[in-house]
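S.K.: I have a structure I would like to understand better, so I am pasting it below and will then ask my questions one at a time.
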Amino acid sequence: MRNYLEISKASDIQNPKGRLIYRFFEILPGFLSLATLFFAFLFSWLKPDWVAIFIILFCFYYFFKVCHLAILQVASYKRMKKHLKINWLEKVRKFKHWENTYHLIILPAFKEGREIIETSLNGLIQSKYPKERMIIVLALEERAGKKYLEQGKIIEKKYKGKFYRFLVTWHPKDVVGEISGKGSNVNFALSKAKEKIIDSQKIPYENVIVSSFDIDTQVYPQYFACLTYYYLISPNPLKLSFQPIPVYHNNIWSAPAFSRVISTSNTFWQMIQQKKPESLVTYSSHSFPLKTALQVRYPKNVVSDDSRIFWKAFLHYDGDYEVQPLYYPVSMDTVLGQNLRRTFINQYRQQKRWAWGCNEIPYLMYGALKNKKIPFRKKFFHVINMVDGFWSWAVAAVLILFLGWFPLLVGGEKFNLTILSYNLPRMTSRIMTAALVGLVVSATMNILFLPPPPKNFKRIKMIFILLQWLLLPFTLIVFGSLPALDAQIRLMLGKYMGFWVTPKTRR
């Protein structure tokens, strides 16, 4: 029995030794980040020359990394633009029996209004894939209240005849062993769709592709045709998840500058990850085979369900599971509150929830110990890659923006009289100025990437769209390092997070 696949936290493990090991892995991410910052500032006082050399080398490393990422970003952008021009449905029709492929689209909702839900449903209707091969599940939460259950019935009545099947599910509240959130809702919706539609219509599981979408997800016209194409050409599609590029264009023109920078930066990061499929993990809205979901079981007891479903499958299939990048976008909402203060708070909370993905580190490390069939090289690569990713998220911006000056402040008069002290701020400044190539690439691509502005948009505002990237150092600290450290410290202390639904606001 692979009981370790269902672990959500250390206390789930009955064996004391196993529980202790898992708890150690939970402490590790926060310990590494805090230890890095502590010793960096401590040695700035005790050994400022060591820190000065370290920060110069780190800035050089960061410069080359930024250049590398900028190249990947441009390459991914070009490929996405190319894929947007392809008639994917025409390519799909060349396959024999392609029409046997069904799409089960699950839209988990909480307290979103009809405008949000119906905009997403209308996008599905406008997609190019045949609607008679699309099964829609609007997955509502009982805990949202009767008002939203009634709203669901109205929507069901309006859209029921527009797809092969349209099902509304009501995920019960306060179920033992579940975390109330997207994962448990999707898990419940999957079981109901299987029971009421897939099994009753005797549709083969291997002919069904599941798309787990955030409720604000709006698909581009050829998304399902593109997804079907990659599913059909794959020699082993049941061992693949499929990841589109998330863009946050639904309300981008209404969002404040800092929110636009964060959402666009996230899009660019996901574009970069597409060029590194060996380390790509499912994120937000994504797709996977129904047969795989039924074998692995969609996670219902964790917050970071979008990545956990990949790692569960990775461990379940002994490392023989990957993510197929789709250089094709789906659009979602930028964080936007009723006012600037609420937007700021919501943005931080969303970033903290995403940063809570650090709880995948103990899950993967413990699973790697338990599963002896996965090659050591593959386990080692994924563990190191994940640890490095969350460590960098928490400390890299702090080291770059602050550590270069700290030896000068606390290093003492002896250090301040050295040539190294004189050259430290100048060298780091020049290196980081050169690294602005990444910022220029992002700002330029942002302009090329934006959707058409609203009719009342004043062209002079485009200047501020460019200047908004000057906020990047601020966003890297306030909405990058701080929520990442917050999440890692909570995990280290055993203060486990629940699922927080980002409010959807349109103006």
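According to this note's numbering, the sequence shown is numbered sequentially starting from 111. All C-beta atoms in this analysis are idealised placements derived from N, C-alpha and C, irrespective of residue type, glycine included.
1. Which same chain residues, not among the five before or five after Thr-392, have their C-beta less than 8 Å away from its C-beta?
2. Enumerate, from N- to C-terminal direction, the unbroken beta strand (DSSP E) stretches of 3 or more residues contained entirely within the stretch 424-502.
3. Nearest to Pro-517 by alpha carbon, out of Trp-155, Asp-428 and Gln-124?
4. Does Gly-590 pass the burial test, meaning 16 or more other C-beta atoms within 10 Å, or should it be called exposed?
5. Under three-state DSSP, which class holds Ile-216?
6. For Phe-323, report the span of its beta strand (DSSP E) as first-last.
7. Going by C-alpha to C-alpha distance, which of Lys-119, Ile-227 and Ala-150 sits closest to Ile-137?
8. Looking only at its chain, what residues have a beta carbon closer than 7 Å to the beta carbon of Leu-182, apart from the 5 residues adjacent to it on each side?
9. So, are the CB atoms of Leu-199 and Ala-335 less than 9 Å apart?
10. To the nearest angstrom, report how far apart Cys-169 and Pro-439 are at their CA atoms.
11. Taking the alpha-carbon of Arg-459 as reference, which of Ile-264, Ile-246 and Ile-372 has the nearest alpha-carbon?
12. Tell me the DSSP secondary structure of Arg-407 in three-state form.
13. Measuring straight from C-alpha to C-alpha, what distance separates Tyr-358 and Phe-512?
14. Please state the DSSP three-state secondary structure of Phe-352.
15. For Thr-554, count the other beta carbons within 10 Å of its own beta carbon; 16 or more makes it buried, fewer makes it exposed. Which is it?
16. In terms of DSSP beta bridges, what is Ile-308 paired with?
17. Can you grab the Cα-Cα spacing for the pair Leu-115 / Gly-477, in whole Å?
18. Considering only C-alpha positions, which residue in the set Ser-395, Asn-376 and Gln-380 is nearest to Tyr-624?
19. Please report the straight-line C-alpha distance between Leu-231 and Val-247, rounded to a whole angstrom.
20. Determine the extent of the alpha helix (DSSP H) in which Leu-167 is found, giving its start and end residues.
21. Please go through the stretch 535-613 and give each complete alpha helix (DSSP H) segment of 4 or more residues, from N-terminal end onward.
22. Is the Cβ-Cβ distance between Pro-218 and Glu-266 less than 9 Å?
23. Which residue comes first and which comes last in the alpha helix (DSSP H) that contains Pro-399?
24. Closer than 9 Å, CB to CB, is Ile-137 near chain C or not?
25. Could you give the distance in angstroms between the alpha-carbon of Leu-595 and the alpha-carbon of Arg-253?
26. Alpha carbons only, please: which of Lys-480, Ile-343, Tyr-171 and Asn-376 is nearest the one belonging to Thr-444?
27. Could you say which of Ile-587, His-213 and Asn-456 lies nearest to Lys-619 if we only look at CA atoms?
28. My assumption, with CB atoms under 8 Å, is that Thr-615 sits in contact with Gly-429. Please give the rounded CB distance.
29. Taking the beta carbon of Ile-557 as the centre, do at least 16 other beta carbons fall within 10 Å, making it buried, or is it exposed?
30. Is the CB-CB distance between Phe-525 and Asp-122 below 9 Å?
31. On the premise that Val-547 lies in contact with Ala-185, defined as a C-beta separation below 8 Å, what is that separation, rounded to the nearest angstrom?
32. Taking the continuous alpha helix (DSSP H) assigned at Arg-224, which residues delimit it?
33. Please state whether the Cβ-Cβ distance between Ile-216 and Val-285 is less than 9 Å.
M.R.: With the given structure in hand:
1. Ser-351, Gln-353, Phe-398, Asp-416, Ser-417, Ile-419, Phe-420 and Val-433
2. Taken in chain order, the complete beta strand (DSSP E) segments of 3 or more residues contained in the stretch 424-502 are 432-441.
3. The option with the nearest alpha carbon to Pro-517 is Trp-155.
4. Answer is buried; the Cβ neighbour count reaches 16.
5. Looking at Ile-216 - three-state DSSP - the assignment turns out to be strand.
6. Run containing Phe-323: none; DSSP gives neither H nor E here.
7. Looking at the Cα atoms, Lys-119 is the closest of the given residues.
8. Ile-382 and Lys-385
9. yes
10. 33 Å
11. Ile-372
12. coil
13. 31 Å
14. strand
15. exposed
16. Looking at the DSSP assignment, Ile-308 forms no beta bridge with any residue, so it has no partner.
17. 7 Å
18. Only positions 111 to 617 of the chain appear in this structure, which leaves residue 624 out of reach.
19. Straight through space, the alpha carbons of Val-247 and Leu-231 are spaced by roughly 11 Å.
20. 158-194
21. Contiguous alpha helix (DSSP H) elements confined to the stretch 535-613 occur at 546-559, 571-577, 582-586 and 592-603, taking only those with 4 or more residues.
22. no
23. Segment 396-399 is the beta strand (DSSP E) holding Pro-399; no alpha helix (DSSP H) there.
24. Structure shown: chain C not included; a single protein chain is present.
25. 31 Å
26. Checking every option, the nearest Cα to that of Thr-444 belongs to Asn-376.
27. Here the chain covers residues 111 to 617 and nothing more, so residue 619 does not appear.
28. Not quite, the Cβ-Cβ distance comes to about 41 Å (not below 8 Å), so this is no contact.
29. exposed
30. No, Cβ-Cβ distance for Phe-525 and Asp-122 is not below 9 Å.
31. Contact flag wrong, Cβ pair sits at about 15 Å.
32. Note, Arg-224: alpha helix (DSSP H), 224-236.
33. no
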